Amino acid sequence: DAEAYAHLLNVLAPEYTNPSTLAVKNPFERAKLVLEHSDKMGCKRYLTARDIVEGSPNLNLAFVAHIFQHSLSKEYEPVFLFGF
Numbered sequence: 001d002a003e004a005y006a007h008l009l010n011v012l013a014p015e016y017t018n019p020s021t022l023a024v025k026n027p028f029e030r031a032k033l034v035l036e037h038s039d040k041m042g043c044k045r046y047l048t049a050r051d052i053v054e055g056s057p058n059l060n061l062a063f064v065a066h067i068f069q070h071s072l073s074k075e076y077e078p079v080f081l082f083g084f
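Under UniProt numbering, the first residue of the sequence shown carries the number 1, and numbering increases by one thereafter.
The structure is reproduced here in structure tokens:
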């Protein structure tokens with residue numbers, strides 16, 4: 001129902017989110033806000049509010065991974081290992 005995403009985005013990218021997202025009662029509206037916040041972060045959108053609310057496992061897993069990758073890539077310099 002996008003509540004976990006709202007918490008995650010509030011922690012990883014508070015500058016792009018709004019804590020009031022958690023107060024939204026309608027799961028679809030909350031999911032839409034989460035997607036808007038992730039757009040502001042620069043995350044690609046490849047799932048819909050319906051995918052979030054209905055719990056599409058593969059799309060949600062990919063979205064979480066993308067959020068983490070995108071937010072953490074701004075904090076750390078990439079490390080390149082020779083030969084790998």
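The C-beta atom is built at its ideal place from N, Cα and C for all residues, glycine as well.
Quick caveat: nothing in here was measured; it's all calculated off a predicted structure.
query, result
"N- and C-terminal bounds of the alpha helix (DSSP H) containing S38", "27 to 41"
"Span separating the alpha-carbon of A6 from that of D51", "15 Å"
"Distance, V53 Cα to P27 Cα", "7 Å"
"Cα-Cα separation between A65 and T21, rounded to whole angstroms", "21 Å"
"T21, DSSP secondary structure in three states", "helix"
"Member of E3, D1, A4, A13 whose CA lies at the smallest distance from the CA of H69", "The sequence shown places Gln at residue 69, rather than the His named in the question. For Q69, the nearest C-alpha among the options comes from A13."
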